[in-house]
Structures are given as structure tokens and as C-alpha cells.
Amino acid sequence: MATTQALIVVRDLKKYFPLRRGLFGEPAWVRAVDGVSFTIREGETLGLVGESGCGKTTTGRCLLRLIEPTSGAVHFDGVDLLRLPPRQMRAMRRHMQIIFQDPYASLNPRMTVEEIVEEPLRIHRVGTAAERRARVREVLEEVGLSADALARYPHEFSGGQRQRIAIARALALRPRFIVADEPVSALDVSIQAQIVNLLQDLQQRYRLTYLFISHGLALLGHLATRIGVMYLGKLVEIAPTETLYRRPLHPYTQALLQAVPEPDPDARSQRLPLRGELPSPLHPPSGCRFHTRCPFVMTECREAEPPLKEVEPEHWVACFLV
Amino acid sequence: MLEVRDLRTYFFTDRGVVKAVEGVSFSIAPGRTLGLVGESGCGKSVTALSLMRLVPPPGRIVGGEILFEGRNLCELSEEEMRRIRGARLAMIFQDPMSALNPVLTVGFQIAEAVLAHERVSRREAFERAIAMMREVAIPDPERRARSYPHELSGGLRQRALIAMALVCRPALLIADEPTTALDVTIQAEILDLLARLREHFRLALLLITHDLGIVAQTADEVAVMYAGRIVEYAPVREIFHNPQHPYTRGLLRCVPRLVISGERPRRLETIEGTVPNLLTLPPGCPFADRCPEVRPLCREGEVEMIQIAPAHFVRCVARGSPILPPSSAPRDREQVRARTS
């Protein structure tokens, strides 16, 4: 992973959530993110994929310190975010924004669209009232909403339009980096495509950098420059999108790719049989965390944790088989 | 086995009549899967609830026939319907957690389904439950039968629900988005299981989904719904390789695909605009406002379904469908009758 022109550098990021058992019980730890490292280059989209509980959402939030990481380092344009005092961190958030999955829950129902989009400008004391009003109109137009949306409330809009409002709010401060946490998962396919295209247009126009979190590999293939695959708090494989699709090396990546139902009745797929269910991140399996479900499991997989190693340029895998 | 003819289910709300299902017709044979696809609000779930006669108020079936094993379900009493529901006709839902009772064990809930329909002892019902749990590949069924729903993973819960639906050997299973709440690798297992059970029990399966990938992988026939109507109805290969309705074509184009090579990022095709409001639906084809092939005739009246190949039906003026002027449509009169009765 080359560090040149890297906007985001994440090193050995960990987030353990305490889970208290009873009043006097020993706290147990849910290891939601357990030693994840990657970089995101300026202007690229890193896709992060994995199933529920793999830690992809927690990773995204740790990057913005919306959740405080347990340990590790997150550098944004050379600045170590985890060492910043709260005031400086807040100022830093101008440059980094997030779009959430559920546009029904992420917008305050008591605020008008104008208030919602203007709020980040007010918080960061940007411009005069007139300048802020002009910026709100401008950014709404960029996401494809007209000025008559300004005085209306979120409930008057469909899911796709609400997600446009959320994107306008995220863009208002002209950030450099956006975490998009499953931004289209709650939308219908025809609307999904509109929002994905909008995000791509905005990226090209403003040279935005995205961390795009998704549970769907097919969607990521359309927009990610590189894709990282997570399983139970670990990054198991990361590679440029095309490489990952052509030569998936981790058995979990292979299973994920094969599990995608292709919209073609003549391509009824052969699937790699995965055994069992997803283990709990409270008691992750020893060694390689995937060994309980891996069809190629060997003795050493149960004993030692495979390190992430570079098997070809930019293609990193954590598996003893490669 | 199941034949639905001109089904109409309306919701009589304070703000007006929502025609959620407007003249839907299809049939399913034993051992076959019909995929019912469409986006949210298109009426696919209301169609399923209509078949079960479980439409919540202010909704009501206002017309049409549901012929199932020789009887019209629309004409049965609530008592007769209860005997069929769960026994001959079963349904599984999207969210397995909310469909299971959290304070009863999984085994008890499956056995309860047997006791509701058959004169058997409790012990026998429980044994049948365990046998069915084995059939749906729940590991260690004797132990799992004594588990509560929250002790099972999402995938196992969905298997338990399938066991509950199938324990009385129904002829028709309605699966409403059965894998939407599950992860992709678990989804693949559940779809494989449903396909195996369909063969094994010669089940007729009505699979409701918004995911065209799932339809392509599991359905024999496909009905595409839009704004309460079936706009295209054909065998699965016809739908995917020779789609005729502009909406079907648009949907297929905007699905993201696992394409390996080519430049990235790649733009997705879109269908511009949004789904129409069913309360203020103008006359004519409901897709007209978003349709790339729209012409004046489309807005003049109800578009009729036509047959363009032996098993391929489409509702589109551009393919030659005739128009019924809105004034002559029989449904207006029936709607008045339904409201006043």
C-alpha cells in the first residue's frame, strides 16, 4: 500500500466495546474492529464490504471519531486525528463528513430542508447569513433539488430525495472526505442508481475521497477503486476492484462473490459451501477467524492468525493458503 | 393449483381510495416458482396478504377470484379460511424475529402449527416439529427445539419459520422477501433450501422480492408489478433475455452487476423520476411519466394486457396493447358498490 498522496492512513485500528455481564460481572469485550490498517488516496473510493457485525460501520465511524477508537492511529492529510484535542477535532470535521444508511432516521423531522442543510455552516460559523443562504441553494441544486424544497420538511420527500438532502448537508462545507455508510441500501433499485451516479458526479467535480461501506459486492464494483473485505473485525483481503473480482484469494472473498445472485437465469451459480453460521464477535474463533466456516481449513488456521501480506502489487490477503 | 383472476384490493383511507392491487392475474403449478417482483409500494406484498385473506383494514379485496385447490378463497368464511391457512397455504415473512413469539420455544411454536390443524397428541406434534427442523437443516434439532427465538441466529430463525410453514405439508408457500434481512452468504443457503424443499414436497412457491438476482436464480415464471398492476408476465428466460415492457427493461438495466473488466467508475443506468402516488394516479399507464417510449395514447385510458408469445404477456401501448377508455372501465362501478355495501 503506497503512502504517496494518501489522504487517510489507518494503522492497527481497534475498537472494543465493553459488555457488562450482571452488576458485578467481569466486563466482556466485543472486538468490533480488531487491528485494521489501510490507506485511502486522494480522489479514490475505497469500498469496504462484509456481513453484519464485521465491523465495517464501526471502522467508518472511528475514522471520523464519531466513535472513539480503543487504539491505533488515523491520519488525515498527515494529521494524527486521535491525538487532536476536542476543539481541533471539531474544526477538522469540516473536511470529513458522513452519509448514513437510513434517510428516514438521519434527518431531523422538525427542521426544514433549508435548516438541515444550513446547520453545518452555522456550527462552523461559515460566512454571513446571506452567504449561507446562497450556499444552501447552490448545494441543493448540485444534488438535483430545486429551491422550492427549502421550506419543506423531510417527511414530504421520498427516500431517494431524502438521501439527496443528506448528501447536500454533507457537501455544504465542501469537505474533502466522505464516509458513505450503505447510502443506497434502503432505496429501490431504480432510485439506487440515481444516487450512486450523483455521488460519482460529485466526486469527479470536487475531487472527493470516499470510504463507501456496503454489503453488496455488485454495487461496489461500479464505483470503488479498491475494495477491502472485512470479517469479524479483521480485514481479510484488500485489492484494486478488478483484481479482487478476477483473482479473489481469500476463501471468504470467494464465497461472498459467489453468493451474489446474478441477474441472469443462465448463470445459475456454483457456490462454495460455507459451513455453519457467523460466530459472535464476543467470542471470535482462535487463529484465523474464518476457520470455523472455511472449506479449506488446515490445522495451522486454528492455531495462528494469518498476517495480511502483499501477494502481488496492491493485493493484500490474510490467509495461510496463499 | 393456484389461479388468481383479476384480483383487486383497495385501501379506503381518509384521503381517498388507494388501489394497491388493480386487476392482477397469475397462476402457479405444483413444483413451480413464480417470482413476483417490483419496487416498494407496487402492491406485491398486498397481493400476498390478499391470497392469505389477511389484508389489514382499511384494505379490502373488492373484486376478482383466488382459485386454490378448486375453491374460490374470496368466498370462504373466516372459519373455512382458518382451516386452509397454515395447512394448505402458508406464508413466511421478511423479518423472522417479529414473526416468532419471543416467549415460546421454537419447537413449541412449530408443534403448535401441527396441533392447530391435525388431531394428534402433543408428543406426536413435537416429534413432527423436530423432524421438520431436521428437514430444513437446523443442526442438532432436539436441542434447538428447546431454544427461544433470540437464542438463534437470523439464518436459523428463518429456517425455523420455514419449518413452521411447511410442517403441515402445504401445497402453496408464499415467501415475502424471505432473505432481505439476511447476509448474502446466509441468503444463498436459504434460497438453496427453498429450492430443495420445493422439489421434495412438490410445493408451489410464490416468491416475492425486489431483487432481480434472486428472481433469476430461483423463479420459473416472473410477474413484474408496477403501481398495483402486473405489467409483464413471462418465463424467467424471456423476462431476462427478451424483456418487452419499458419498466422491465429499465429495471434490468439499473441493476448493478458483477462485471469484471472495464473502466471504473462505471455509470449505472437509471429510471428517471419516482414511483407515482397511488392516491392521485392519472388515467392511463402509471409508468407513462417515467417511460422513454411514452406516447399520447398511453394516457388515454387503462392499458390492457396482451399476449405476444405463447407464455409472454405485456401491458404496453408500444407493444400493441389496446386502451380501455376510463369511462367504460367496469371497475369504477364496482368500486362504488364496494364502498356502499
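Each protein sequence line maps, in turn, to chains A and B. So for the first sequence, our numbering puts the first residue at 133; every next one is plus one. So for the second sequence, our numbering puts the first residue at 2; every next one is plus one. A virtual CB, placed ideally from N, CA and C, is assigned to each residue, including glycine. These figures come from a predicted structure and were not determined experimentally.
Taking the Cβ atom as the reference point for each residue, do residue i and residue j lie within a distance shorter than 8 Å?
i	j	result
residue 256 (chain B)	residue 237 (chain B)	no
residue 177 (chain A)	residue 302 (chain A)	no
residue 283 (chain B)	residue 300 (chain B)	yes
residue 405 (chain A)	residue 380 (chain A)	no
residue 383 (chain A)	residue 344 (chain A)	no
residue 4 (chain B)	residue 74 (chain B)	no
residue 191 (chain B)	residue 159 (chain B)	yes
residue 196 (chain B)	residue 396 (chain A)	no
residue 131 (chain B)	residue 146 (chain B)	yes
residue 198 (chain B)	residue 2 (chain B)	no
residue 195 (chain A)	residue 248 (chain A)	no
residue 319 (chain A)	residue 295 (chain A)	yes
What residue does the alpha helix (DSSP H) around residue i start on, and which one ends it?
i	result
residue 370 (chain A)	Looking at the DSSP string, residue 370 (chain A) is not in any alpha helix (DSSP H); the run it does join, the beta strand (DSSP E), is 366-372.
residue 133 (chain B)	123-136
residue 139 (chain B)	Segment: none, residue 139 (chain B) is in no alpha helix (DSSP H) and carries neither H nor E.
residue 36 (chain B)	That residue, residue 36 (chain B), is in no alpha helix (DSSP H); its beta strand (DSSP E) goes 34-38.
residue 233 (chain A)	No alpha helix (DSSP H) holds residue 233 (chain A); DSSP gives it neither H nor E.
residue 81 (chain B)	79-85
residue 24 (chain B)	Not the alpha helix (DSSP H): residue 24 (chain B) falls in the beta strand (DSSP E), residues 17-29.
residue 218 (chain A)	218-224
residue 249 (chain B)	247-255
residue 168 (chain B)	Careful: residue 168 (chain B) lies outside any alpha helix (DSSP H) and carries neither H nor E.
residue 291 (chain A)	291-303
residue 322 (chain A)	321-338
residue 215 (chain B)	213-219
residue 2 (chain B)	Where residue 2 (chain B) is concerned, there is no enclosing alpha helix (DSSP H), given that its DSSP letter is neither H nor E.
residue 249 (chain A)	245-255
To the nearest angstrom, report how far apart residue i and residue j are at their CA atoms.
i	j	result
residue 347 (chain A)	residue 24 (chain B)	36 Å
residue 257 (chain A)	residue 226 (chain A)	11 Å
residue 239 (chain B)	residue 211 (chain A)	56 Å
residue 161 (chain B)	residue 206 (chain A)	43 Å
residue 19 (chain B)	residue 162 (chain A)	47 Å
residue 337 (chain A)	residue 63 (chain B)	52 Å
residue 158 (chain A)	residue 364 (chain A)	22 Å
residue 448 (chain A)	residue 204 (chain A)	20 Å
residue 245 (chain A)	residue 264 (chain A)	13 Å
residue 230 (chain A)	residue 376 (chain A)	26 Å
residue 283 (chain A)	residue 255 (chain A)	20 Å
residue 31 (chain B)	residue 205 (chain B)	4 Å
residue 399 (chain A)	residue 351 (chain A)	18 Å
residue 16 (chain B)	residue 288 (chain A)	16 Å
residue 144 (chain A)	residue 193 (chain B)	38 Å
residue 246 (chain B)	residue 311 (chain B)	16 Å
residue 432 (chain A)	residue 424 (chain A)	13 Å
residue 331 (chain B)	residue 26 (chain B)	Note that residue 331 (chain B) scores a pLDDT of 49, beneath 50, so its modelled location is shaky; the value from the coordinates is reported in the next line. The straight-line gap from Cα to Cα measures roughly 16 Å.
residue 286 (chain A)	residue 321 (chain A)	21 Å
residue 174 (chain A)	residue 228 (chain A)	13 Å
residue 267 (chain B)	residue 274 (chain A)	20 Å
residue 168 (chain B)	residue 114 (chain B)	7 Å
residue 101 (chain B)	residue 238 (chain A)	29 Å
residue 166 (chain A)	residue 148 (chain A)	8 Å
Within 10 Å of its beta-carbon, does residue i have 16 or more other beta-carbons around it, so buried, or fewer, so exposed?
i	result
residue 201 (chain B)	exposed
residue 127 (chain B)	buried
residue 134 (chain A)	Since pLDDT at residue 134 (chain A) reaches only 44, below the 50 mark, its modelled position is unreliable, and the value read off the structure follows with that caveat. Label assigned to residue 134 (chain A): exposed.
residue 71 (chain B)	exposed
residue 369 (chain A)	buried
residue 271 (chain B)	buried
residue 22 (chain B)	buried
residue 335 (chain A)	buried
residue 9 (chain B)	buried
residue 441 (chain A)	exposed
residue 177 (chain B)	buried
residue 387 (chain A)	buried
residue 57 (chain B)	exposed
residue 156 (chain A)	exposed
residue 36 (chain B)	buried
residue 439 (chain A)	exposed
Give the range of the beta strand (DSSP E) segment to which residue i is assigned.
i	result
residue 44 (chain B)	From DSSP, residue 44 (chain B) is part of no beta strand (DSSP E); its letter is neither H nor E.
residue 203 (chain A)	203-208
residue 154 (chain B)	Counting along the chain, residue 154 (chain B) falls outside any beta strand (DSSP E), and DSSP gives it neither H nor E.
Measure how close the beta-carbons of residue i and residue j come, nearest whole angstrom, since I'm counting them as under 8 Å.
i	j	result
residue 224 (chain A)	residue 214 (chain A)	In fact, because the Cβ distance is near 11 Å, the residues do not count as touching under 8 Å.
residue 82 (chain B)	residue 54 (chain B)	5 Å
residue 314 (chain B)	residue 235 (chain B)	7 Å
residue 153 (chain B)	residue 107 (chain B)	7 Å
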